[in-house]
Amino acid sequence: MEELELLKKDWNREELQFKEYSENEIYSMIKQKSISVAKILFVVGLIEMILWSLYGYINSEFPYLRMILFFGFIMLAVLLFRRLKTGQNSLSLMKNILNLRKLIFGYAAISFFMVILDNLIHFDLYTKDFMAGTRDGWNRGQDIIVHTNPESMAPGWGNYAVFGFIMLLSFYIVYLIYKRTYGKILSDLRKNYRELSQAEEKLF
Amino acid sequence: MSTELEKTFVEFFKPNQRLIHKICRIYTDNTEDHQDLFQEITVQLWRSFPGFKGEAKFSTWMYKVALNTAMTLFRKPQKRGLQHTDVDVSSLKMEYEVYEDDEYKLKKMYKTIYELSDVEKALIMMYLEDKSYREIGEVLGITEGNARVKMNRAKNNLKAKISIK
Numbered sequence: 193m194e195e196l197e198l199l200k201k202d203w204n205r206e207e208l209q210f211k212e213y214s215e216n217e218i219y220s221m222i223k224q225k226s227i228s229v230a231k232i233l234f235v236v237g238l239i240e241m242i243l244w245s246l247y248g249y250i251n252s253e254f255p256y257l258r259m260i261l262f263f264g265f266i267m268l269a270v271l272l273f274r275r276l277k278t279g280q281n282s283l284s285l286m287k288n289i290l291n292l293r294k295l296i297f298g299y300a301a302i303s304f305f306m307v308i309l310d311n312l313i314h315f316d317l318y319t320k321d322f323m324a325g326t327r328d329g330w331n332r333g334q335d336i337i338v339h340t341n342p343e344s345m346a347p348g349w350g351n352y353a354v355f356g357f358i359m360l361l362s363f364y365i366v367y368l369i370y371k372r373t374y375g376k377i378l379s380d381l382r383k384n385y386r387e388l389s390q391a392e393e394k395l396f
Numbered sequence: 033m034s035t036e037l038e039k040t041f042v043e044f045f046k047p048n049q050r051l052i053h054k055i056c057r058i059y060t061d062n063t064e065d066h067q068d069l070f071q072e073i074t075v076q077l078w079r080s081f082p083g084f085k086g087e088a089k090f091s092t093w094m095y096k097v098a099l100n101t102a103m104t105l106f107r108k109p110q111k112r113g114l115q116h117t118d119v120d121v122s123s124l125k126m127e128y129e130v131y132e133d134d135e136y137k138l139k140k141m142y143k144t145i146y147e148l149s150d151v152e153k154a155l156i157m158m159y160l161e162d163k164s165y166r167e168i169g170e171v172l173g174i175t176e177g178n179a180r181v182k183m184n185r186a187k188n189n190l191k192a193k194i195s196i197k
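As they're listed, the protein sequences go chains A and B.
For what it's worth, the working numbering labels the leading residue of the first sequence as 193, then goes sequentially.
For what it's worth, the working numbering labels the leading residue of the second sequence as 33, then goes sequentially.
Listed below in structure tokens is the structure:
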């Protein structure tokens, strides 16, 4: 393999010039903050957990269960994040990062499932709420402000369909946010992990 | 004011900078990314330094942390307009015929290495550094035998990619 030998020779050339950082430059470098992928995942994950919990709290659905879940998951996430050590081997490091992500994703999935379940159970009530809210919003700006009682609404098929469509659209937007926040980072990491973790291969 | 630990770290780190530069050279294709990765590796090394027990050589430990950072913890978004598909192949071929010398070959090889997967880049890098299969396995978390197989594949893949260019 002539090319590789040539490459090796060039690689080990002593005269290859790189910038040599001074002691002061190294000191200031280690005082700077890390921008690592794990940190980004961790911070975004925490924000995600907080937002989902806030959503649950505002809607006051299962608040106690949600708070227990929230603190349980946060503690596990912090524990997993602290276990990420760059000194371990690549396969374990990748596995730990993917586990951290799995945990955060699990939390989001549970929250998402609760939201869907809640919307299905109370579909009729929420459609009425939605109609009353739309009517009040429409009438805003007029002299007399009247709050419509959702119970006085009598939704037809059209109203159910519109509310259902808006609900599905919101779910899709949440999905898109996930794809943009984690998409590329995680797919690259998974690819690396798969490449390394393939079962023992035979030479022949 | 710097602490004792900081001083020790800098003492260990300073003579080994070249190794980090080499890793940055394989994993990035421009000066800005090179500097960013260098800094990220330095920060990660510093964060992990309290865990360095001194059982392995500093350079070996450094190698593991640096490669892990490049492979798992550092991602730069692909810049638009600088993707490889944008290169005009016909002009490259002409150039290839005229300047088929070592320097050109090397340039082409480094460019091809940059196009390999993160894991293959690490393997080629360790090949160039003459690391043993045992060490490679240790860094990546795979067995010695598997390291040998993966290394052969990476080398063959690199060779194939070079030959079709």
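For every residue, glycine included, the Cβ atom is placed at its ideal position computed from N, Cα and C.
Comparing alpha-carbon positions, the option among Lys-277(A), Thr-319(A), Ile-239(A) lying closest to Tyr-352(A) turns out to be Thr-319(A). For the set Leu-99(B), Thr-144(B), Asn-62(B), the Cα lying nearest the Cα of Gln-76(B) is the one of Leu-99(B).
Classified as buried, Ile-296(A) has 16 or more neighbouring CB atoms from the shown chains inside 10 Å of its CB.
Chain-ordered, the chain B residues with CB closer than 9 Å to the CB of Asn-281(A) read Lys-96, Asn-100, Gly-169, Glu-170, Val-171, Leu-172, Gly-173, Ile-174. Segment contact: the stretch 46–56 of chain B against the stretch 211–220 of chain A, three or more CB-CB distances shorter than 8 Å; contact assigned. Under the DSSP assignment, Ala-102(B) falls outside any alpha helix (DSSP H); it carries neither an H nor an E label. Contact note: Asp-134(B) reaches chain A through Leu-198, using a C-beta cutoff of 7 Å and chain order. For Ser-379(A), there are no C-beta contacts with chain B under 9 Å, since the nearest C-beta of that chain is about 11 Å from it. Between Ile-156(B) and Lys-193(B), the C-beta gap is not smaller than 9 Å, which leaves the two residues out of contact. Taking a C-beta distance under 9 Å as the contact criterion, Ile-52(B) and Ile-73(B) qualify as a contact pair.
Contact of Val-235(A) with chain B is not assigned, every C-beta pair being separated by 9 Å or more. According to the DSSP assignment, Ala-192(B) belongs to the alpha helix (DSSP H) that extends over 176–195. Ala-154(B) is a Cβ neighbour of Leu-172(B), given a cutoff of 9 Å. Close CB contacts of Asp-380(A) within its chain, under the 6 Å cut and outside five residues either way in sequence, are absent.
Assigned with DSSP and collapsed to three states, Gly-348(A) falls in coil, not helix or strand. Distances from the CA of His-314(A) to each of Met-359(A), Tyr-374(A), Met-259(A), Leu-276(A) were compared; the closest alpha carbon is that of Met-359(A). With a threshold of 16 other beta carbon atoms within 10 Å, Met-323(A) meets it and is buried. Judged by beta-carbon spacing, Phe-106(B) lies within the 9 Å limit of Leu-69(B), meaning their Cβ atoms are closer than that value. Taking the beta carbon of Met-221(A) as reference, the chain B residues within 9 Å of it are Phe-70, Gln-71, Thr-74, Val-75, Trp-78, listed in sequence order.
Taking the Cβ atoms as the reference, Phe-84(B) lies roughly 34 Å from Gly-298(A), outside the contact range of under 8 Å. One alpha carbon belongs to Glu-38(B), the other to Phe-90(B), and they sit about 15 Å apart. Taking a Cβ-Cβ cut-off of 8 Å, the neighbours of Ser-149(B) in chain A comprise Lys-383, Asn-384, Glu-387, given in sequence order. By the neighbour-count criterion, in which a residue is buried when 16 or more other Cβ atoms sit within 10 angstroms of its Cβ, Lys-383(A) is exposed.
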